[in-house]
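For the protein sequence lines, the chains are D and G, in the order given.
For the first sequence, my numbering assigns the number 1 to the initial residue and increments by one for each residue that follows.
For the second sequence, my numbering assigns the number 1 to the initial residue and increments by one for each residue that follows.
The beta carbon of each residue, even a glycine, is placed where N, CA and C say it ideally should be.
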Amino acid sequence: MNRLARITAAELRLFLREPMTVVFGIALPPLLLVIFGSIPSFAAPDPDLGGQRFIEVYAPALIATSLAMLALSSLPTILASYREKGVLRRLATTPVRPGFLLTAQVVTHLLMALLSVVLLLAIGAIWFDLALPANALGFVLALVLAITAVFAIGLLIAALATSGRLASGIGSLLFFPVAFLAGLWTPGPTMPEFLRNIASFSPLGAGSQAIKAAWAGGWPQPLHLLVMLGFTAIAGFAAARWFRWE
Amino acid sequence: MPVIEVTNLHKRYPGKVAVHDVSFSVDEGEIFGILGPNGAGKTTTVESVIGLRKPDGGTISVLGMDPVRDRDRVRTRVGVQLQQSELPERMKVREALSLYSSFYPDPLDWRELADQLGIADKLGTEFRKLSGGQKQRLSIALALVGNPEVAVLDELTTGLDPQARRDTWEVVQRVRDRGVTVLLVTHFMEEAEFLCDRLSLIDDGRVVATDSPTGLIARVDSGTRLRFRVTGPFDEAVLTDLPCVTGVRRTGPQVQVAGTGELLPHVTAALAAAGITPADMRTEHTTLDDAFLALTGRKLAG
């Protein structure tokens with residue numbers, strides 16, 4: 001455990017040294033909240049949104065965006081390049097198993113995802129009078145399932161991509177539809193009905209709708225939870241099956 | 001008891017046999033070389049020795065243990081430097097040394113090690129900013145930081161300039177002087193000749209011969225050769241009359257003399273007696289390259 005903690009600490013330090021992932025994975029979603037929250041028309045109740053404020057509608061999509069960045073882009077790129085450059089191979093020659101490095105990376109990205117969510121909740125609550133999730137248990141449930149779904153997909157990319165560049169390419173290619181269906185461009189009620197039905201079957205479309213439902217005090221729809229569980233199980237199984245250490 | 005014992009190792013990959021039949025044993029405290037051209041099966045052999053690959057046939061014993069079954073215990077006592085293993089780009093030298101030393105129960109003082117390997121002034125430098133030679137030294141440091149009894153070093157000077165290569169050789173000698181047994185994989189004849197106490201020549205997945213460098217050379221020694229320049233006329237009989245000379249070849253001013261035994265003093269004396277002053281007198285020795293060529297019919301690459 002001591003070794004795993006040390007490797008995780010080292011990987012965490014490396015993560016924070018990479019400005020792009022820090023900006024896009026952690027800082028951007030809270031920053032977008034600050035920007036939109038500072039625009040008076042977005043911070044006021046909007047009849048087009050059923051009397052809700054834009055930032056309330058947008059916050060779940062921002063959480064989903066942060067998860068997508070970290071899990072689909074950053075995590076697989078790092079893991080695939082570690083394999084490509086023999087970082088895993090070097091570790092395999094020591095008493096430490098290369099699986100420790102994989103675990104350390106997943107833990108690092110999880111911590112960063114949680115940091116981003118906490119920042120978003122805190123900034124919203126402190127400066128923009130954004131209520132904390134009314135159904136805290138439902139919120140945590142939705143968040144955990146959204147995380148396991150996208151992280152499983154990210155690990156599958158890492159399993160299939162033979163190089164860091166390829167993983168980065170696949171990750172960016174997946175990021176846009178996933179973030180689009182999560183509502184990054186058309187959050188909440190502004191997304192057309194038929195599109196929202198399609199989005200319900202995407203990992204973060206289901207994720208952001210489940211998060212939104214719990215935020216408002218209700219429970220996520222069973223469909224959304226099942227969709228996220230399905231992505232977790234299928235992508236997770238495929239990743240475990242196809243992952244190669246070299 | 002030998003430190004490493006490989007008996008009839010056989011390893012296949014889909015579509016090709018990487019190692020047909022390799023046996024050798026490494027004694028405590030020696031630098032043992034595995035020398036052969038690229039693609040001869042050297043890397044597969046060492047990967048099997050350290051338990052990264054499971055042999056399809058034969059047995060391997062390292063410090064009396066099976067490197068696949070006793071994986072963790074073998075890794076604790078054997079330090080490994082492999083080809084094509086980098087570190088995360090932004091990891092600093094200090095972080096890598098301190099992290100890797102934490103993997104072992106009884107590590108060396110990594111600051112001292114960095115000092116001995118000449119990278120003490122690079123502790124704050126990120127891996128991506130190191131030169132090829134510095135990366136190689138760090139690699140060796142990481143292989144040694146666990147205070148191993150055996151060090152396995154694979155192609156450690158590939159891609160280094162001649163000066164960096166010489167420096168690295170010195171490092172390996174110092175490692176051996178601390179009592180570490182070294183298994184060295186290389187395709188550089190000079191490196192093997194300079195460093196190894198004994199070595200196995202490997203070609204096409206098989207051991208061709210195992211001996212000391214001088215022993216291998218002696219097996220194929222074709223005698224001594226001298227080469228020098230002479231300006232002006234000169235009667236070759238001056239040399240061919242000597243009992244130790246077996247042949248003389250002349251191309252312009254260049255003269256090449258083949259013979260046996262103490263060729264140099266006899267030839268110089270005969271030339272002096274005939275009043276001839278030779279220039280650029282050189283003795284040509286048989287090398288491991290010649291030995292490899294004679295034993296396999298093939299040239300060592302590089």
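Interface with chain D (9 angstroms Cβ-Cβ cutoff): residue 146(G) is included. If you look at residue 130(G), you'll find it isn't in any beta strand (DSSP E); DSSP assigns it neither H nor E. Of 267(G), 237(G), 253(G), 271(G), the smallest CA-CA separation from residue 224(G) is found for 267(G).
Around the beta carbon of residue 93(D), 16 or more other beta carbons lie within 10 angstroms, which makes this residue buried.
According to the DSSP secondary-structure assignment, residue 220(D) is paired through a beta bridge with no residue. When the Cα atoms are used, residue 177(G) and residue 31(G) turn out to be separated by approximately 10 angstroms. Listed in chain order, the alpha helix (DSSP H) elements of length 4 or more contained wholly in the segment 93-129 of chain D are 99-127. For residue 12(G), the enclosing beta strand (DSSP E) has its first and last residue at 4-13. Around the Cβ of residue 65(D), a 10 Å sphere holds 16 or more other Cβ atoms; the residue is buried. Taking the Cα positions, residue 166(G) is about 52 angstroms away from residue 148(D). Residue state for residue 266(G) is assigned as helix, using DSSP reduced to three classes.
For residue 33(D), the uninterrupted alpha helix (DSSP H) run begins and ends at 28-38, by DSSP. For residue 234(G), the closest C-alpha among the options 98(G), 3(G), 275(G) is that of 275(G). Contact between residue 182(D) and residue 217(D) does not hold, since their C-beta atoms are separated by about 21 angstroms, which reaches or exceeds 8 angstroms. With a 10 Å radius around the Cβ and a threshold of 16 neighbouring Cβ atoms, residue 80(D) comes out buried. Taking a beta-carbon distance threshold of 9 angstroms, residue 76(D) does not count as an interface residue toward chain G. Using beta-carbon distances, residue 107(D) does not count as an interface residue toward chain G, since no partner is under 9 angstroms. In the DSSP assignment, residue 226(G) forms a beta bridge with 257(G), 283(G).
Among the residues facing chain G, residue 10(D) is included, as its CB has a counterpart in that chain under 9 angstroms away. The beta carbons of residue 175(D) and residue 20(D) sit no closer together than 9 angstroms. DSSP places residue 245(G) in the uninterrupted beta strand (DSSP E) bounded by 245-251. DSSP places residue 201(D) in no alpha helix (DSSP H); its state is neither H nor E. Excluding the 5 residues flanking it on each side, residue 109(G) has no same chain C-beta neighbour closer than 8 angstroms. The beta-bridge partner set that DSSP reports for residue 33(G) consists of 184(G), 199(G).
Contact annotation: in the segment 163-176 of chain G, no residue has its CB less than 8 angstroms from a CB in chain D. If you look at residue 119(G), you'll find it isn't in any beta strand (DSSP E); DSSP assigns it neither H nor E. In the structure shown, residue 210(G) adopts extended strand secondary structure according to DSSP, grouped into three states. Residue range 162-177 is occupied by the alpha helix (DSSP H) that includes residue 163(G).
For residue 50(G), the closest of 27(G), 153(G), 98(G), 226(G) by C-alpha to C-alpha distance is 153(G).
DSSP places residue 16(G) inside the beta strand (DSSP E), whose first and last residues are 16-26. Straight across, the Cα-Cα distance linking residue 287(G) with residue 192(G) is about 11 angstroms. Here DSSP, grouped into helix, strand and coil, assigns residue 68(G) to coil. In this structure, the CA atom of residue 294(G) is about 20 angstroms from the CA atom of residue 42(G).
Annotation for residue 140(D): the continuous alpha helix (DSSP H) segment containing it runs 136-160. Using a Cβ-Cβ cut-off of 9 angstroms, residue 161(D) does not count as an interface residue toward chain G, since no Cβ of chain G sits closer than that to its own.
By the Cβ rule, the segment 71-82 of chain G counts as touching the segment 142-150 of chain G, because three or more pairs are nearer than 8 angstroms.
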